[in-house]
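One point on numbering: in UniProt numbering, the residue at position 33 of the sequence shown is 33, and numbering is uninterrupted. Even glycine gets a Cβ: it sits at the ideal position worked out from N, Cα and C. Here is the structure we will look at.
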Amino acid sequence: MNYSVITSQCKGPNYTPERCCMPLKVLLCPVSDQVNDLKSNCADTFFSYVNLYGKYPPGLFASLCKEGERGLDCQSVEQPPPPKSEGFRGGVTPALLMMIIAGVVMVILS
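Set out below in structure tokens:
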């Protein structure tokens with residue numbers, strides 16, 4: 001997880017909800033199901049790491065980022081774009097495709 005989304009914007013000594021809560025939501029809302037899963041330690045692990053990398057005081061996000069009894073509202077957060085395609089699939093590499101095209105062209109021209 002790339003914590004720089006938060007650490008680049010949420011800087012002290014004057015931490016504000018405007019500078020800290022939206023980056024927190026941008027990072028956590030896409031994985032909110034995992035973070036809210038009480039059977040995992042996802043939330044604990046996340047906050048341990050973000051506090052380590054950002055050198056934040058304990059409880060900073062809990063005290064700053066309150067939106068209701070159910071936690072943060074993720075409806076106003078834009079979802080990240082889907083990952084880009086990695087190109088050819090199914091074992092057809094660009095080199096193989098070029099060989100096939102060259103072969104077809106040679107057959108047509110002969």
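By the Cβ-count criterion, G12 is exposed, with fewer than 16 other Cβ atoms from all chains shown falling within 10 Å of its own Cβ.
Approximately 6 Å separates the beta-carbon atoms of F61 and L24; this is inside 8 Å, confirming the contact.
L27 and P94 have their C-alpha atoms some 35 Å from each other.
Counted as a single uninterrupted DSSP element, the alpha helix (DSSP H) harbouring V50 occupies residues 42-54.
Boundaries for T16: no alpha helix (DSSP H) harbours it, and the DSSP string shows neither H nor E there. It is roughly 11 Å from the alpha-carbon of V50 to the alpha-carbon of P57. Exclusion of the five residues before and after R19 leaves Q9, C10 as the residues of its chain whose Cβ lies within less than 6 Å of its Cβ.
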